[in-house]
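What follows is a single structure, written as structure tokens, with notes after it.
Spelled out as structure tokens, the structure:
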């Protein structure tokens, strides 16, 4: 074991946080020491890097990564894993490079980027083979399996799991053949190998579960639980219990599932594991018909998701992190809807879609230069304080056997601290909101409540908000004085097919009758159940998923009458955005900036009808500025657009469905 003496580091710190992988990882991930370990290892890494001792710096940053990950601080995990790889690559030694790459790949997985993780793990596996580092080789295969399973490639996932089990079993047998002295470096290596073996068995269970091999999955999780108990690792025991809970839920053995899942939560409150377990527990309670407990569990899952996500600074990472967790929001919306808590269900629908949309914009809006940087720094400090207190709440210090009497006062004091920290954050948001409501909403999801939405609706205006599920679609009907909701008997798969067919008919020629019939059928399926025979004066549509691709205005409530001919239509990706656009519309006279048919120096790209379109729209607004042909440039557009309340562009465009903000005019 290598210990490091650094200026300013006490001997006790050196002893508590050793500079090696096995013992260091254990110290880094212990609930009671993870926060201190992160700071200590990060300091060590920086000092060792300054000294040019890159191999040791790689170990220090890797152990700092382990602490950050255990605390759910994904931004810190990303930064320290990147530093570990940088330091390891400067050594040129594959034995250091392989473990560092595994850490970086794990971070990509936590950020829901398996495509980005796979080449990192493949590179790690190759370095591990070159170095004959069997533990790192096994770890690489385990994580490759998880990445492929996330991408729904079960055959490739199982192939890599089998490689991991084979490598680790043979390595453990060889290591156990010799004498292992307590406290020796060899003992630490055996412990780490056993830990990886338990990890491989867990992975085998998840693969079997994905293939619906429930009995095989149960066997794998049971073996993983036994291996985790041998090494005394509560986090791995919790993962095995979670897996056994999933198997029991799949068999509809709900009572057994509940027992396993609650044991998983008792063993570990690792943020990601707790979120997943609460989500599964919510499904179990729902299956049991206990909607109250299902709601409670799913609210905890959503809160955990938002706590972890709030610490990520990049909108790319925030968006990807939340993408595969929308199921928790969808389940909670369904549970609330089934309890006829229609307003709360709509609030959660808004929270889900506002989260997805506003995360894309969060880093693109600013107050004033300098002021915004200060706000971001203050927000980060407040969120860091909350994260630290939540970590202490999840990982109480002291012995597991501490009595209720000795721990309860500490827990009450901790809860008071957490309440004060949250109150400080709310006060910060109130102060920001006083400067700019937009900035506050983009810094934290602050969806409008139902009464706030209703207050923005004019008399005679109706808002329809959709939420598309697997077999059903929910729709809320909101007017200034009422709220109703319906469950439509059409799900995502059928909607995708019918919307696709409708769009093809619009683009085709000679199929007018078929187009009219399809437009009427879609109106009957999506709008007729929610709207009275006499249509409202204005209709606001908030689509969801595939419905974003449906031109509602082209649907036909009556033969040869499109919806746009009966009512004015507006589209929002989230009703919460009304707080900005409707307020601006009421703020004064509407004035238009229109741009059409810019000259692209290519006659084949001429859009003569686009020019006609923009001039016709301008006739509706006395205060208009119109630019066409050679006047329609990027420079003039940037000059004029901030001065107008309405913008209308009639140009060519490139639309990117995978990355909407990558689209361009």
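Numbering (the numbering used here), first residue to last: 72 to 736. All residues carry an ideal CB built from backbone N, CA and C; glycine is no exception. All values reported here derive from a predicted model rather than from experimental measurement.
Please report the distance separating the alpha-carbon of residue 681 from that of residue 668. 6 Å
Below 8 Å, can you find three or more Cβ-Cβ pairs linking the segment 117-136 to the segment 152-172?
yes
Item to complete: Check residue 151 in the structure and name its three-state DSSP category.
Response: helix
Could you give the residue range of the alpha helix (DSSP H) that holds residue 759?
-> Coverage of the chain is limited to positions 72 through 736, which leaves residue 759 absent and any answer about it impossible.
Practice problem: Just list the alpha helix (DSSP H) runs in the segment 127-192, keeping only unbroken ones of 4 residues or longer that don't cross its boundaries, in chain order. | Solution: 145-162, 165-181
- Query: What span of residues does the alpha helix (DSSP H) with residue 675 cover, start to end?
  - Reply: Unbroken run through residue 675: none, as it is neither H nor E.
Checklist line | residue 326, buried or exposed, once every other Cβ within 10 Å from all chains shown has been counted against 16 | finding: exposed
Exercise for the section: Tell me where the beta strand (DSSP E) around residue 668 begins and ends. Expected result: 663-669
Scan the segment 594-655 and note each continuous beta strand (DSSP E) run of 3 residues or more that stays entirely inside, going in chain order.
609-613, 639-642
Measuring CB to CB, does residue 338 end up less than 7 Å from residue 368?
no
In three-state terms, what does DSSP make of residue 561?
coil
### Query
In terms of DSSP beta bridges, what is residue 547 paired with?
536, 556
*What's the call for residue 494, buried or exposed, on a 16-neighbour Cβ count within 10 Å?*
exposed
Tell whether a beta-carbon distance below 7 Å holds between residue 417 and residue 548.
-> no
Leaving out five residues before and five after residue 721 in sequence, what residues of the same chain have Cβ atoms less than 6 Å from its Cβ? 667, 681, 684, 685
Going by DSSP in three states, residue 88 sits in which element: helix, strand or coil?
coil
Margin query: I need the DSSP call for residue 724, collapsed to helix, strand or coil.
Written below: coil
Whose CA, out of 398, 717, 164, 689, lies closest to the CA of residue 541? 398
Notebook entry, point to check: Considering only the beta carbon of each residue, do residue 348 and residue 293 sit closer than 7 Å?
Noted result: no
Practice problem: Would you mind sorting residue 631 into buried or exposed? The rule is 16 or more other CB atoms within 10 Å of its CB. | Solution: exposed
Check: How is the alpha helix (DSSP H) around residue 782 delimited, first residue to last?
Finding: Residue coverage of the chain in this structure runs from 72 to 736, which leaves residue 782 outside it and unanswerable.
Report task. Express the C-alpha separation of residue 266 and residue 559 in angstroms, rounding to a whole number. Result -> 49 Å
Notebook entry, point to check: How far does the beta strand (DSSP E) with residue 215 in it reach, from first residue to last?
Noted result: Residue 215 -> not in any beta strand (DSSP E); alpha helix (DSSP H) instead, spanning 205-221.
Run of the beta strand (DSSP E) containing residue 296, from where it starts to where it stops: Looking at the DSSP string, residue 296 is not in any beta strand (DSSP E); the run it does join, the alpha helix (DSSP H), is 285-302.
For this session: Quick one: give me the first and last residue of the beta strand (DSSP E) that residue 691 is part of.
Result: Looking at the DSSP string, residue 691 is not in any beta strand (DSSP E), and its letter there is neither H nor E.
- Kindly indicate the opening and closing residues of the alpha helix (DSSP H) around residue 698. Run containing residue 698: none in the alpha helix (DSSP H); it sits in the beta strand (DSSP E), 695-700.
Margin query: If the criterion is Cβ atoms closer than 7 Å, does the pair residue 288 and residue 280 meet it?
Written below: yes
Cutoff 7 Å: residue 637 Cβ touching any chain C Cβ: The chain labelled as chain C is not found in the depicted structure, where only one protein chain is given.
Next item on the list: Determine contact between the segment 524-533 and the segment 559-573, defined as no fewer than three beta-carbon pairs at a distance below 8 Å.
Entry: no
Q: Leaving out five residues on either side along the sequence, give the residues of the same chain with a beta carbon under 8 Å from the beta carbon of residue 268.
A: 209, 236, 239, 240, 243, 298
Checklist entry - What residues match up with residue 306 in a beta bridge as DSSP calls it? => result Looking at the DSSP assignment, residue 306 forms no beta bridge with any residue, so it has no partner.
query: Who are the Cβ neighbours of residue 316 in its own chain at under 7 Å, not counting the five residues just before and after it?
result: 328, 331, 332, 335, 351
Query raised in the report: How should residue 710 be labelled, buried or exposed, when 16 other C-beta atoms within 10 angstroms of its C-beta is the threshold for buried?
Result: exposed
Please return the same chain residues whose Cβ sits closer than 7 Å to the Cβ of residue 589, not counting the five positions on each side in sequence. 572, 573, 576
Worksheet item: Using the beta-carbon count (16 or more within 10 Å), is residue 356 buried or exposed?
Response: buried
Please state if the CB of residue 403 and the CB of residue 379 are separated by a distance shorter than 7 Å. no
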